[in-house]
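See below for the structure under consideration.
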Amino acid sequence: MKYIIKICFFAFLSIGMFAQGESNIWYFGRYAGLDFSSGLPVSINNSSMNTGEGCASICDFNGNLLFYTDGVSVWNRQNTKMPNGDSLKGHSSSTQSAVIVKKPGVNPVYLIFTVDRMGGSWGLTYSEVDMSLENGFGNVNSNKNIPVVSPVCEKIAAINHSNGRGYWIVTRLYPSNKYHSYLLDENGISNIPVVSSGIATVTGGLQTLGYLKASRTGTKIASAFTNLDLVELFDFDNSTGHLYNARKLSFPAGVKPYGVEFSPSEKYLYTSGFTTNILTQFDLSDSTEEAINRSRAVLDSTSIKQGGALQIGSNDKIYMAFVGSDSLGVINSPENAGGASNYSKNGVFLTHGTSLYGLPTFLNFNQNNFSLDFEVQDSCVSVKLDFIPTIGFADSVYWNFGDPPSGSNNISNLLSPSHIYNDTGHYEVTVRAYYGDWSDTVSKVFYVGSFPEVDLGGDTIVGSCENPTVILNAEWPNGKYFWNTQSTNSEIEVKVSGAYWVTVNLNGCSMSDTVYVKTKSCSGKIEMPNIFTPNSDGVNDVFAPILMDEIKQAELQIYDRWGVLIFESNNLEQGWDGKSNGQECGNGVYFWVISYTNSENNTTEQKGTLTLLR
């Protein structure tokens with residue numbers, strides 16, 4: 001008898017993968033920094049970093065600094081370089097030398113994805129920062145400079161997956177017009193990218209410059225090509241990783257678009273010039289390429305300093321870097337058209353350090369709208385139930401399975417625990433999750449039922465010569481039945497030899513049983529099966545005749561498709577196990593010949609074919 005059990009029990013914990021508090025502190029340029037914790041950017045004076053372009057920083061949920069990097073070195077919250085925090089394979093002169101994300105399913109570990117400059121040989125790599133090391137100040141562990149793909153442009157974006165449990169790491173290959181999207185989830189980073197086509201083919205190192213940004217919802221991507229004077233705009237499917245609906249945004253020669261950023265609602269796209277200082281706005285309300293290009297509006301071109309990156313803050317304002325400046329430009333109302341966007345060239349002053357070309361690159365993020373929930377399916381006793389959250393992390397989780405007789409197993413602090421219920425009945429399951437200063441509790445009741453008992457009798461049932469019909473009965477109160485004959489009744493009549501199985505379902509708890517039936521006829525002939533499956537599962541593993549009459553002597557021969565004898569025996573109960581000279585024979589059609597003498601001394605020869613399936 002074989003039991004086949006499949007139980008699903010899913011818990012859905014939906015929490016934004018990146019909260020705005022985690023982008024509260026910016027380090028950039030020559031020892032410059034800003035703190036957005038109060039809602040307004042406040043200049044800070046403790047940076048240890050001097051980087052011409054790319055940089056990234058990360059805070060905890062509540063906006064407390066964890067570490068920052070220029071793609072080469074990593075500094076902790078004390079502004080001290082981590083012990084193993086050097087020689088990462090980004091470059092401080094790479095547009096987007098780094099981006100930081102939490103490692104799904106592993107708390108408190110973060111991944112730094114780094115990008116080499118101008119299509120350099122290191123390409124896209126990643127390193128792990130374990131914040132449990134160095135007394136909570138963190139360190140780069142042994143998983144350092146792990147290659148992903150090379151060479152690439154100076155572009156990278158980390159985008160939340162639609163399921164809330166992982167990310168897409170997106171980059172642009174060099175030299176190529178292809179984008180690669182790599183899935184990062186609790187299983188690690190996929191080595192098989194999702195490939196999408198862009199418009200421009202990058203052929204020279206300087207053509208690799210320019211930012212790649214995703215909108216807050218992760219459904220749009222903009223990619224700037226500074227020395228080609230164009231921006232590629234895409235729709236992005238954050239469930240599959242595909243970039244599609246490519247549109248080319250054109251600029252007058254020499255504008256050299258470098259920074260890109262979406263307004264919070266994604267209605268507008270902003271671009272900034274590299275060696276120029278031109279700030280441009282595009283209206284995306286009409287999504288056609290022609291309409292978007294027609295909407296192009298220059299907001300400012302009067303600065304005497306070279307322009308740099310654009311980056312949206314947690315206060316929904318967009319900031320613009322200028323090379324060698326002690327201030328950043330600010331688009332105060334990015335949801336308004338033209339001059340109503342209220343752009344200020346000197347929107348925020350830096351009391352320490354100066355900006356250069358770059359501003360920090362962050363994972364795209366939404367407003368904090370966390371919710372806790374889980375769904376329960378009725379289950380069965382003595383079956384392990386897996387609780388699978390849809391996110392890869394939380395600060396802490398507390399489960400109570402409502403099963404006090406299970407003792408200490410009744411509670412769990414694991415993110416994805418399991419539990420076995422040994423008695424039937426109704427159980428209340430409670431989960432409480434914590435993430436920073438947010439927490440929530442949800443409780444639900446579900447039913448654990450018992451398995452039906454299914455017994456079709458002995459594994460071989462032989463009918464009589466006079467009455468070859470066999471009745472198979474799987475009756476169980478309130479059960480639902482499914483036979484391999486397609487019958488849904490509790491019992492079936494069998495008149496043909498073969499394997500018969502039934503599955504009985506009782507309130508979602510299923511059990512199966514299989515028997516092999518041999519029926520006798522009065523014709524004096526032997527009945528032979530036409531298929532067998534020698535896969536060692538205990539069912540139909542041997543090809544042998546079904547004895548319909550008393551046999552005095554017999555011989556069975558098996559031939560392959562070319563007529564080669566591969567098996568011979570006069571022991572019909574032994575049968576053929578699907579092997580020839582100890583080696584397994586392949587799937588396919590074989591030929592059999594059997595000669596036998598029955599109890600009336602009549603000698604008969606029968607021939608036929610059989611199919612072997614493993």
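In the UniProt record's numbering, the protein residues as written are 1 to 614.
All residues carry an ideal CB built from backbone N, CA and C; glycine is no exception.
All of these numbers come straight from a predicted model, not from anything done at the bench.
Going by DSSP in three states, P534 sits in which element: helix, strand or coil? In the sequence shown, counting from the first residue as 1, residue 534 sits at position 534. In the structure shown, P534 falls within a coil segment according to DSSP collapsed to helix, strand and coil.
Following the continuous alpha helix (DSSP H) through N293, name the residue where it begins and the one where it ends. Translated into the one-based positions of the sequence shown, residue 293 becomes position 293. It spans 289-294 - the alpha helix (DSSP H) in which N293 sits, taken as one unbroken run.
Classify K552 as buried or exposed, calling it buried when 16 or more other Cβ atoms lie within 10 Å of its own Cβ. Reading the sequence shown from its first residue, position 552 is the one you call residue 552. Under this definition K552 is an exposed residue.
At least three beta-carbon pairs within less than 8 Å, the region 42-49 to the region 348-361: The region 42-49 vs the region 348-361: in contact.
Might you give, ordered along the chain, the residues of its own chain that have their beta carbon closer than 6 Å to the beta carbon of L456, omitting 5 neighbours on each side? As a working mapping, residue 456 is identified with position 456 in the sequence shown. Cβ within range, chain order: L472, D513, V515.
Put N368 into one of helix, strand or coil per three-state DSSP. Here residue 368 is taken as the residue at index 368 of the sequence shown, counted from 1. Here N368 scores only 46 on pLDDT, less than 50, and its place in the model should not be relied on; the value that follows carries that caveat. It is coil, neither helix nor strand.
Closest to S38 by CA distance: which of G313, S510, S406, N535 is it? Residue mapping note: residue 38 aligns to position 38 of the sequence shown, counting from 1. Ranking G313, S510, S406, N535 by Cα distance to S38 puts G313 first.
Drop a sphere of 10 angstroms on the beta-carbon of V495, count the other beta-carbons inside from all chains shown, and report buried for 16 or more, exposed for fewer. For the purposes of this step, residue 495 is taken as residue 495 along the sequence shown, with counting starting at 1. For the sequence presented, residue 495 should be read as Lys rather than Val. So K495 ends up on the exposed side.
What are the partner residues of A224, as DSSP defines its beta bridges? Counting from 1 along the sequence shown, the entry for residue 224 is found at position 224. In DSSP, A224 forms a bridge with V231.
Please work out which residues of its chain come closer than 6 Å, Cβ to Cβ, to H426, disregarding the five sequence neighbours upstream and downstream, and give them in chain order. Here residue 426 refers to the residue found at position 426 when the sequence shown is read from its first residue. The answer, listed in chain order, is V445, Y447.
Out of C153, F234, S580, I318, state which residue places its alpha-carbon closest to the alpha-carbon of I292. On the sequence shown, residue 292 is found 292 positions in, with the first residue counted as 1. If we check each option's Cα against that of I292, F234 comes out closest.
Candidates T424, L612, M320, Q207: closest to C153 by CA position: Mapped onto the sequence shown, residue 153 falls at position 153. Cα-wise, what sits closest to C153 is Q207.
Using the Cβ count rule (16 or more neighbours within 10 Å means buried), how would you classify K103? In the sequence shown, counting from the first residue as 1, residue 103 sits at position 103. K103 is buried by the Cβ-count criterion.
Residues in its own chain within less than 6 Å of I411 by CB, not counting five upstream and five downstream? As a first step, residue 411 is located in the sequence shown; it is residue number 411 there, counting from the start. So the qualifying residues of the chain are N400.
Between the beta-carbon of I159 and the beta-carbon of N478, is there less than 8 Å? As a working note, residue 159 is residue 159 in the sequence shown. As a working note, residue 478 is residue 478 in the sequence shown. With contacts defined by Cβ atoms closer than 8 Å, I159 and N478 do not form a contacting pair.
For a test of the three-state rule: what should DSSP assign to Q306, helix, strand or coil? In the sequence shown, the residue the question calls residue 306 occupies position 306. It is coil, neither helix nor strand.
8 Å CB neighbourhood of T485 in its chain, flanking five on each side removed: Taking the first residue of the sequence shown as 1, we reach residue 485 at position 485. I492, Y500, listed in sequence order.
State the Cα-Cα distance for the pair D237 and T219, rounded to the nearest angstrom. Indexing the sequence shown from 1 puts residue 237 at position 237. Indexing the sequence shown from 1 puts residue 219 at position 219. In a straight line, the C-alpha of D237 is about 6 Å away from that of T219.
Report buried or exposed for D70, applying the criterion of at least 16 other Cβ atoms within 10 angstroms of its Cβ. Locating residue 70 in the sequence shown gives position 70, counting from the first residue. A residue is called buried once 16 or more other Cβ atoms fall within 10 Å of its Cβ, and D70 is buried on that count.
Indicate the three-state DSSP secondary structure (helix, strand or coil) for L414 in the structure shown. Stepping through the sequence shown from its first residue, residue 414 is reached at position 414. L414 falls in the coil class under three-state DSSP.
Smallest Cα separation from E568: which of D560, L356, E555? As a working note, residue 568 is residue 568 in the sequence shown. Between E568 and the set D560, L356, E555, the nearest pair of CA atoms involves E555.
Mark E53 as exposed unless 16 or more other C-beta atoms lie within 10 angstroms of its C-beta, in which case mark it buried. In the sequence shown, residue 53 corresponds to position 53, counting from 1. By the neighbour-count criterion, in which a residue is buried when 16 or more other Cβ atoms sit within 10 angstroms of its Cβ, E53 is buried.
What does the alpha-carbon distance come out to for the pair W476 and V454? Taking the sequence shown and counting its residues from 1, one reaches residue 476 at position 476. Taking the sequence shown and counting its residues from 1, one reaches residue 454 at position 454. Taking the straight line joining both Cα atoms gives about 8 Å.
Since I believe V170 is in contact with Q157 (beta carbons under 8 Å), could you give me their beta-carbon distance rounded to a whole number of angstroms? As a working note, residue 157 is residue 157 in the sequence shown. As a working note, residue 170 is residue 170 in the sequence shown. The sequence given here has Ala at residue 157, not Gln. Indeed they touch by this definition, with Cβ atoms about 5 Å apart.
So what does DSSP say about A554, is it helix, strand or coil? Along the sequence shown, read from residue 1 onward, the residue named residue 554 stands at position 554. In this structure, A554 counts as strand in the three-state DSSP scheme.
Taking 8 Å as the threshold, find out whether the region 181-189 comes into contact with the region 97-111 through three or more Cβ pairs. Flag = yes, the region 181-189 and the region 97-111 touch.
Roughly how many angstroms lie between the CA atoms of N24 and Y179, to the nearest whole one? Here the question's residue 24 lines up with position 24 in the sequence shown. Here the question's residue 179 lines up with position 179 in the sequence shown. Between N24 and Y179, the alpha-carbon positions lie close to 30 Å from each other.
Neighbour-count burial assignment, A253, 16 or more Cβ in a 10 Å radius: Taking the sequence shown and counting its residues from 1, the one referred to as residue 253 is at position 253. So A253 ends up on the exposed side.
Considering just the uninterrupted stretch of the beta strand (DSSP E) at F257, what are its terminal residues? Locating residue 257 in the sequence shown gives position 257, counting from the first residue. First, the amino acid is wrong: residue 257 is Pro here, not Phe. According to the DSSP assignment, P257 belongs to the beta strand (DSSP E) that extends over 257-262.
My understanding is that Y31 touches S47, with C-beta atoms under 8 Å, so please give their C-beta distance in whole angstroms. Taking the sequence shown and counting its residues from 1, one reaches residue 31 at position 31. Taking the sequence shown and counting its residues from 1, one reaches residue 47 at position 47. Contact check for Y31 and S47: beta-carbon distance about 5 Å, within the 8 Å limit, so the pair qualifies.
Would you mind sorting R165 into buried or exposed? The rule is 16 or more other CB atoms within 10 Å of its CB. In the sequence shown, the residue the question calls residue 165 occupies position 165. Classification for R165: buried.
Nearest-angstrom Cα separation, counted from G138 out to L284: Here residue 284 refers to the residue found at position 284 when the sequence shown is read from its first residue. Here residue 138 refers to the residue found at position 138 when the sequence shown is read from its first residue. Inter-residue distance for L284 and G138 is about 42 Å (C-alpha atoms, whole angstroms).
Would you say the region 273-287 touches the region 297-310, given that touching needs at least three Cβ pairs under 8 Å? With the cut-off at 8 Å, the region 273-287 and the region 297-310 touch.
Since L66 sits in a beta bridge, which residues does DSSP pair it with? Along the sequence shown, read from residue 1 onward, the residue named residue 66 stands at position 66. Per DSSP, L66 has no beta bridge partner at all.
Output the boundary residues of the beta strand (DSSP E) element that contains D35. Reading the sequence shown from its first residue, position 35 is the one you call residue 35. Segment 32-35, the beta strand (DSSP E) holding D35.
Taking all protein chains shown into account, decide if E22 is buried (16 or more other Cβ within 10 angstroms of its Cβ) or exposed. Residue 22 sits at position 22 when you count from the first residue of the sequence shown. Counting Cβ neighbours within 10 Å, E22 comes out buried, since at least 16 surround it.
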